[in-house]
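**Q** Dropping a structure here in structure tokens format, bear with me for questions.
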Amino acid sequence: MTHQIPAATMVHGPSSLFALGCGSSLYLFSCSTGQQMELTGEKHTGIIRSINFNSKGSMFVSAGDDKSVKVWKHDKGHHWSCLSSRKIGKKTTAALFSHDDETVVFSDKFGDVYSFPAQSPSPSSSSSSTTTTTTSSSSPSSSSSSSTTTAADSATDKSNDKGKVKNKDTEGSQNIMGHYASITDMTMTPDGKYLITADKDEHIRVSHFPHAFDISCYCLSHKEFVSRIFTAHSLKDNLISGSGDGSLRLWNWTNGHLLDTVFIGPLPPADPVTVVPLAVSNHGLIAAHLEGSPKVLFYRAVNGKLEVKGSIDLPAVPVSCSFDQHNWIWVSSAKADQQGTHLSIITYSNEYEYTLLHPDVNPSLFKIMEQIGETTSSKVAASEYTNMLQELSKTAQYKKHAGA
Amino acid sequence: MTTQTPQKRKKPIKPYHRIKAHANPLSDVNFPYPTTPEDINWHHHYPAYFQAKHEIAEAAALDTAITTAAPTILNAEIVGMNRTAAEVNTTSSQGHHQHNHHKQVEFADIGCGYGGLIVTLSPLFPDTLILGLEIRDKPTQYVEERIKDLREKKEGEYNNISVIRANAMKYLPNFFRKAQLKKIFFTFPDPHFKKANHKRRIISPALLAEYAYVLEIGGMAYTVTDVEELHIWMVSHFSVHPLFERVSDADLEGDVVLRSIMYGTEEAKKVEKVDGKKYPAVFRRIADP
């Protein structure tokens, strides 16, 4: 069978770096030369959900379903190694660097957000370690955080160690804030001063950073889980969000105001289809699609409104996208029994004509894309492939309400 | 410190509305909740203060014929309404009521149970809108009926209190805007003794950020419990949170609100009956230092 595992996440970094995670396999390339970087370190053992570079492109963080967060650094030439690896109590949903590259921030399926110094090594594996604490020290699951544990507390406390283990497993990380629902996505604002988190309970929260205990505002309007959120220098104070409610929304993250809403997909009384924003370019082009649909739609935020900028029908359903330094879109698709690798590139001459990169147009780039596609290809049996797609479906993971 | 397991506690004086004391606030909410604070039908809760949408539409029809910019009040009995034609025209199509610039909920009782506190507070702050939030259906219904009853029996009174069924742990920002509240109450909250259930406690570092968000700077959070371990838990959490500082006993001297939480709720009275000890603690919302 030639079913290919698509990349659940991919990102273009500085200096033509390109990182992607296909299943549990992590890859790093230069997309200007096609050179594959060597990554030395313990591999991920679960689907990689999030990869992000630091601003210099000298480090990146990877995290996912194996409940670990790994920081990788550039050693020399094409050698990179794992600087640290942390085991978390829950699956990690997003991980990124602060703007000054000093801190790594990650979120989990429980709803918590943690941070740790980017340069810090892996925590020692002593089992009795606790979270390093400065401000918001006491986590609800650890009763040792209160200064006195009374007799009543330990007497009635029967389910002791089987309780929330997240505290024990987040060694060396500080809990900086939390939602009371799975965090589905997280991003930093372009000025690095605010952290934006989105959850399964339709919330988008803008918190100060690093003082994430100080909430700046909420962006409230979605009626279903928020699938993804994007900020970008090109978007300035705008935020893009997609949701299981079938809408793409544009917000002002400085005050939480909803600027524009676009409903995509079936109209009521049909069930809405989840909208997933896929990527935002350096020049403000927004790519989005209906989950499970091969049609990619493009928008621009112009004066507080979302303007349609065309679309393209891909041969297969895209799972992740990323704009490269030329603002062309690399796409990893779920390909079953099809020719070629899971990778393709969407090019455009003006914003209304999108085509897949053809070898004649740019032979060297095409070759690099094919090479990377081949290297990162792993073919699986049909059943495993179907399971994989289910794991990658945000709707399957997060949707609560039946019907519109 | 109570040694009885909480599940055995019953509410003996409210037979029709008796229900198990504990709900799991962490599970998905299966009753309606507002998407934003603007979506709450305030006319339903405080009809004396907010006009219904259809009345506003009628007013708009009238006002368009009027060129004066003077405020127009249609119903003389409605207090606090101050609309101009311009205000009426900008009512959001989703709103059930006119956004009244002068009136909004300022006290919130988180987990109001059978309404004892809000009923006690109502005459003490007759012009302040007070809202009780309760996750369980039956107590919410009971409080609704209780308030209706009080409003009928006492003409002109109890118009400033109401109750809404809500999961405050998950959806507080859906109910209140930033810095809207002057006071927030946590009276005799569920102790959730088991360590595994500590995350269900109404006071946690994550939730404190949300309480700070809905409270104005200088706003106060009142806590009281008869469970010493819970009191210590709440005090330690509030104390380490950078946006809260403890209010000293000296500053609370003569505070009618403190007296209300100590003696004016159903739980408080139960504790009094058994000569139990109550542990209050009050905190002020401060700016990020």
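Residue numbers (our numbering), protein chains in the order written: chain A, 4 to 407; chain B, 9 to 297. Cβ coordinates follow ideal geometry from the N, Cα and C atoms, glycine included.
Along the chain, where does the beta strand (DSSP E) containing Arg89/A start, and where does it finish?
**A** It spans His82 to Lys90 - the beta strand (DSSP E) in which Arg89/A sits, taken as one unbroken run.
**Q** Decide if Lys312/A is buried, meaning its Cβ has at least 16 other Cβ atoms within 10 Å, or exposed.
**A** By the 10 Å Cβ count, Lys312/A comes out buried.
**Q** Cβ atoms of Ala229/B and Leu223/B: under 8 Å apart, would you say?
**A** Cβ distance < 8 Å, so Leu223/B and Ala229/B count as in contact.
**Q** Please give the ranges of any alpha helix (DSSP H) in the segment 106 to 143 of chain B, keeping only runs that are unbroken, at least 4 residues long and fully inside the region.
**A** Counting only runs of 4 or more, we get 124 to 132.
**Q** Taking 8 Å as the cut-off, decide whether the C-beta atoms of Gly80/A and Gln374/A are in contact.
**A** The answer is no: Cβ separation not under 8 Å.
**Q** Take Gln3/A as the anchor and find which of Thr12/A, Gly376/A and Leu20/A has the nearest alpha-carbon.
**A** As displayed, chain A neither begins before 4 nor continues past 407, which places residue 3/A out of reach and without an answer.
**Q** Check the C-beta distance from Glu294/A over to Thr389/A and give it rounded, since I have them as a contact under 8 Å.
**A** Their Cβ separation, rounded to whole angstroms, is 16 Å, which puts Glu294/A and Thr389/A out of contact at 8 Å.
**Q** If we count the other Cβ atoms within 10 Å of its Cβ and call it buried at 16 or more, is Glu165/B buried or exposed?
**A** Exposed: under 16 other Cβ atoms inside 10 Å.
**Q** CB Ile192/B to CB Gly119/B, shorter than 8 Å?
**A** No, these two residues do not count as a Cβ contact at 8 Å.
**Q** For the pair the segment 59 to 67 of chain A and the segment 8 to 26 of chain A, tell me if three or more CB-CB distances fall below 8 Å.
**A** At 8 Å Cβ cutoff, the stretches touch.
**Q** Taking Cβ-Cβ distances shorter than 8 Å, what residues in chain B pair up with Asp217/A?
**A** Within 8 Å Cβ-Cβ: Ala217, Ala220, Pro250, Leu251 and Asp296.
**Q** If you draw a straight line from the C-alpha of Lys403/A to the C-alpha of Asp36/B, how long is it?
**A** About 8 Å.
**Q** With distances taken Cα to Cα, identify the nearest neighbour of Gly249/A among Tyr302/A, Leu99/A and Pro275/A.
**A** Cα-wise, what sits closest to Gly249/A is Pro275/A.
**Q** What separation, rounded to the nearest whole angstrom, lies between the Cα atoms of Pro40/B and Val72/A?
**A** Taking the straight line joining both Cα atoms gives about 37 Å.
**Q** Identify whether Met270/B lies in helix, strand or coil by the three-state DSSP scheme.
**A** Here Met270/B sits in helix by DSSP.
**Q** Does any CB atom of chain B fall closer than 8 Å to the CB of Asn255/A?
**A** Not closer than 8 Å to any Cβ of chain B, the Cβ of Asn255/A fails to qualify, so no.
**Q** To be precise: take each residue of the segment 165 to 184 of chain B, compare its Cβ to all Cβ atoms of chain A, and keep it if any distance is under 8 Å. Which residues remain?
**A** Answer in chain order: Met177, Lys178, Tyr179, Pro181 and Asn182.
**Q** If we call anything under 8 Å between Cβ atoms a contact, is Arg267/B one with Ala289/B?
**A** Not closer than 8 Å, so no.
**Q** In angstroms, rounded to a whole number, what distance separates the CA positions of Glu394/A and Gly49/A?
**A** C-alpha separation (whole angstroms): 11 Å.
**Q** Based on the DSSP secondary-structure assignment, which residues constitute the bridge partners of His15/A?
**A** BP columns for His15/A point to Phe21/A.
**Q** DSSP three-state call for Gly60/A: helix, strand or coil?
**A** Looking at Gly60/A - three-state DSSP - the assignment turns out to be coil, as it is neither helix nor strand.
**Q** Please report the straight-line C-alpha distance between Leu360/A and Ser347/A, rounded to a whole angstrom.
**A** So the two alpha carbons sit approximately 7 Å from each other.
**Q** Under 8 Å between C-beta atoms, does Ser149/A make it to chain B?
**A** Since pLDDT at Ser149/A reaches only 37, below the 50 mark, its modelled position is unreliable, and the value read off the structure follows with that caveat. Chain B contact via Cβ: present.
**Q** Cβ of Ala304/A less than 8 Å from any chain B Cβ?
**A** No, no contact with chain B.
**Q** At what residues does the alpha helix (DSSP H) containing Val305/A begin and finish?
**A** First-last for Val305/A: Lys298 to Val305, but that is the beta strand (DSSP E), not the alpha helix (DSSP H).
**Q** Note down, in chain order, each residue of its chain lying with its Cβ closer than 8 Å to the Cβ of Thr358/A, except the 5 sequence neighbours on either side.
**A** Excluding residues within five positions, the ones whose Cβ falls inside 8 Å are Ile315, Ile349, Thr350 and Tyr351.
**Q** Could you give the distance in angstroms between the alpha-carbon of Val259/A and the alpha-carbon of Val383/A?
**A** The sequence shown places Gly at residue 259/A, not Val. Spanning the two alpha carbons is a distance of roughly 44 Å.
**Q** Does any residue of chain B have a CB that is nearer than 8 Å to the CB of Asp204/A?
**A** Taking Cβ atoms only, chain B reaches closer than 8 Å to Asp204/A, which makes this a yes.
**Q** Which partner residues of Thr43/A appear in the DSSP bridge assignment?
**A** Beta-bridge pairing links Thr43/A to Ser84/A.
**Q** From Ser58/A to His102/A, what distance separates their C-alpha atoms?
**A** One C-alpha to the other measures close to 7 Å.
**Q** Check Glu387/A in the structure and name its three-state DSSP category.
**A** Glu387/A falls in the helix class under three-state DSSP.
**Q** Given that Ala161/B touches chain A, what residues does it touch there, using C-beta distances under 7 Å?
**A** The question names Ala, but residue 161/B in the sequence shown is Lys. Correct list: empty, because the minimum Cβ distance to chain A is about 38 Å.
**Q** Let me check understanding here. Comparing Cα to Cα, which of Asn55/A, Gln400/A, Ala235/A and Gly247/A lies closest to Asn414/A?
**A** With chain A represented from 4 up to 407, any question about residue 414/A goes unanswered, as that position is not in the structure.
**Q** Exposed or buried, which one is Ser53/A when buried takes at least 16 other CB atoms within 10 Å?
**A** When all chains shown are included, Ser53/A counts as buried.
**Q** Return the bridge partner residues of Cys222/A from the DSSP annotation.
**A** According to DSSP, Cys222/A bridges with Ile207/A.
**Q** Quick check on Pro17/A: buried or exposed, where buried means 16 or more other Cβ atoms within 10 Å of its Cβ?
**A** Exposed.
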